[in-house]
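As numbered in my numbering, residues 74 to 196 make up the sequence shown, in order. For glycine and all other residues, C-beta sits at the position ideal for the given N, C-alpha and C. Right, one structure below, let's go through it.
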Amino acid sequence: MEEIKGKTFLPAIFVGYQRSRAKQRENVALVKVSGIYTRAETDKVLGRLIAIIHSKSGKPIFGKICRPHGNSGMVRARFYTNLPGQLMGHKVRVFYDNIDVGDRATPKYERLYGNPNATVTYE
């Protein structure tokens, strides 16, 4: 069990979309979560809430991690609205606890940016 002080999320990076040779699926985003390097380790984050801050509007876009992608720790995520291509390479936040954001609702400020006084235990 790892204890993390002051963080309520795991950092990750939006790498791209799920694609094949012929087509690209913009509704499925590929995300690389830091600290996860194998397919077995992705079980820790499956079903978790995920958010990315839109660089132009500053508003968060929420989604859920739905399944692993490959054997190197990459995961697939579905967002409530499709992510624009300009956000590729941007940081994403994978939250430890699944909060009820409803349909495109915004969570509290400290959930999004972290509370320096919070202590979270993560299995």
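Secondary structure at Lys117: helix, using DSSP grouped into helix, strand and coil. Secondary structure of Gly89 (DSSP, three-state): strand. Going by C-alpha positions, Gly120 is about 13 angstroms away from Phe135. Membership of Leu122 in the beta strand (DSSP E) is indicated by the continuous run Leu122 to Ile126.
Within the DSSP bridge table, the entry for Lys164 names Ile86 as partners.
Counting C-beta pairs closer than 8 angstroms gives three or more between the segment 137-152 and the segment 96-104, which meets the contact rule. Between the beta-carbon of Leu156 and that of Phe82 there is about 17 angstroms, and that puts the pair past the 8 angstroms contact cut. Going by DSSP, Gln97 is part of the beta strand (DSSP E) stretching over Gln97 to Val106.
CA-to-CA, the gap between Lys137 and Lys96 works out to about 23 angstroms.
Distance from the CA atom of Pro84 to the CA atom of Arg92, rounded to whole angstroms, is 24 angstroms.
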